[in-house]
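Numbering (the working numbering), first residue to last: 433 to 760.
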Amino acid sequence: MQAVLLREFGAADMLYLGETSRPAAAAGEVLIRVAASGINRPDILQRTGNYTQPAGVSHLLGLEVAGEIVDGDLVALAEAGLAIGDRVCALVAGGGYAQYCVAPVAQCLPIPAGLTDVEAASLPETFYTVWSNVFDRGALLAGQTLLIQGGSSGIGVTAIQLAKAMGARVIVTAGSEAKCQACLDLGADFAINYREQDFVVEVAAMTGGKGVDVILDMVAGDYVQREVQCLAEDGRLVIIAVQGGLNAEFNAGLVMRRRLTITGSTLRPRSVAFKAAIAKSLQQHVWPLLAAGAVKPIVYQVFPASQAMQAHALMESNQQIGKIVLTW
Numbered sequence: 433m434q435a436v437l438l439r440e441f442g443a444a445d446m447l448y449l450g451e452t453s454r455p456a457a458a459a460g461e462v463l464i465r466v467a468a469s470g471i472n473r474p475d476i477l478q479r480t481g482n483y484t485q486p487a488g489v490s491h492l493l494g495l496e497v498a499g500e501i502v503d504g505d506l507v508a509l510a511e512a513g514l515a516i517g518d519r520v521c522a523l524v525a526g527g528g529y530a531q532y533c534v535a536p537v538a539q540c541l542p543i544p545a546g547l548t549d550v551e552a553a554s555l556p557e558t559f560y561t562v563w564s565n566v567f568d569r570g571a572l573l574a575g576q577t578l579l580i581q582g583g584s585s586g587i588g589v590t591a592i593q594l595a596k597a598m599g600a601r602v603i604v605t606a607g608s609e610a611k612c613q614a615c616l617d618l619g620a621d622f623a624i625n626y627r628e629q630d631f632v633v634e635v636a637a638m639t640g641g642k643g644v645d646v647i648l649d650m651v652a653g654d655y656v657q658r659e660v661q662c663l664a665e666d667g668r669l670v671i672i673a674v675q676g677g678l679n680a681e682f683n684a685g686l687v688m689r690r691r692l693t694i695t696g697s698t699l700r701p702r703s704v705a706f707k708a709a710i711a712k713s714l715q716q717h718v719w720p721l722l723a724a725g726a727v728k729p730i731v732y733q734v735f736p737a738s739q740a741m742q743a744h745a746l747m748e749s750n751q752q753i754g755k756i757v758l759t760w
């Protein structure tokens, strides 16, 4: 089969389209003929040698795919209400940048009615991540306020829509007026241009000094001490990436007085059972919203697989609003 391969760790031009062996589905797995593959920030980190893969995972990049089931564990498929020939999207721990990809049956979801393969390929990584961190770990409830750092990212545009659909108020940060406007157009209540405004000051003004209930943070580093200042009593800070650095200092006294929670997670190394539970929640609570058009995939640009290098370069430029997808 064809796949996007890596000559060696390094820049985007290390990627090329080549031939490799087709994987085979084992017990509890399916083989998907891939129509489209989503691109995510961890793919960039893996390409540069800065993201250690979980043991036993395909060496190929790619964490989400959409396509047709062509083989697999028939018993597991039947138990999941799926069959060979079904169109699905799937979260995978690796191997997504290829014409064929193996996925656990429990991490496959039917493509919502009306969505294309390209749109479906943009869903798994961000929707699994947002549900797990904003609603499970962050425990965001209707009527509460969520602050999203990086509202125009793939994670951000998903979090805006899901939080609004669940009845929350949403504040985002973004790096330009155009990105701020795009977030507002998606339903965000307020948008802060972090290049021109201090989000601590702005959040205080927007919440009447109360602060926000949950923060979804992809930056960490020196953002953490500022985010602690933004949290309301019993607020939760959920860290899902460390683009701003690993180390942080913060006012521990403020954490105690306001009973704050600072937590975080990574999704890729978690068990199939853990991801299966998220999939069930998504199918119950979110897939109907996608089918109804109340929540929409936001795809910024699509590239043929042969142009994976250009797709990675675009992601590294941070120009995009939403997801970047490869097609096969």
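Heads up, the beta-carbon is just placed ideally off N, CA and C, and yes, glycines get one too.
| Check | Outcome |
| --- | --- |
| Hey, would you say residue 469 sits closer than 7 Å to residue 553, going by beta carbons? | yes |
| The alpha helix (DSSP H) with residue 558 in it runs from where to where? | 556–562 |
| Bridge partners of residue 736, per DSSP? | 759 |
| Which of helix, strand or coil does DSSP assign to residue 487? | coil |
| Whole angstroms are fine: how far does the CA of residue 594 sit from the CA of residue 718? | 8 Å |
| For residue 439, does the count of other Cβ atoms within 10 angstroms reach 16, so buried, or fall short, so exposed? | exposed |
| Tell me which residue opens and which closes the beta strand (DSSP E) that residue 581 is part of. | 577–581 |
| How should residue 645 be labelled, buried or exposed, when 16 other C-beta atoms within 10 angstroms of its C-beta is the threshold for buried? | buried |
| Just to confirm, is the Cβ distance from residue 549 to residue 467 under 7 Å? | yes |
| How would you call residue 626, buried or exposed, if buried means at least 16 neighbouring beta carbons within 10 angstroms? | buried |
| Taking the beta strand (DSSP E) that residue 713 falls in, what are its first and last residues? | It is not in any beta strand (DSSP E) - residue 713 instead sits in the alpha helix (DSSP H) that spans 704–717. |
| Verify the CB distance criterion: does residue 749 have a CB-CB separation below 7 Å to chain D? | Of the protein chains in this structure there is only one, and it is not chain D. |
| Just tell me which of 607, 635 and 723 has its CA closest to the CA of residue 658. | 635 |
| For a minimum of 3 consecutive residues, which ranges assigned as the beta strand (DSSP E) are wholly contained in the stretch 445–477? | 447–451 and 461–471 |
| Helix, strand or coil for residue 588 per DSSP? | helix |
| Given a threshold of 16 other Cβ atoms within 10 Å of its Cβ, counted over all protein chains shown, does residue 689 qualify as buried or as exposed? | exposed |
| Please state whether DSSP places residue 622 in a helix, a strand or coil. | strand |
| With distances taken from CA atoms, which of 500, 456 and 445 is nearest residue 476? | 445 |
| For a test of the three-state rule: what should DSSP assign to residue 568, helix, strand or coil? | helix |
| Between the stretch 692–704 and the stretch 718–730, do three or more beta carbon pairs fall short of 8 Å? | no |
| Touch check for the stretch 701–714 and the stretch 578–591: three-plus C-beta pairs under 8 Å? | no |
| Pull up the CB-CB distance for residue 648 and residue 566, whole angstroms please, since I reckon it's below 8 Å. | 6 Å |
| What's the C-alpha gap between residue 512 and residue 605? | 39 Å |
| Using only the alpha-carbon positions, how far apart do residue 501 and residue 705 sit? | 21 Å |
| Would you call residue 703 buried or exposed, if buried means 16 or more other Cβ atoms sit within 10 Å of its Cβ? | exposed |
| With a cut-off of 8 Å, do at least 3 Cβ pairs link the stretch 474–492 to the stretch 536–546? | no |
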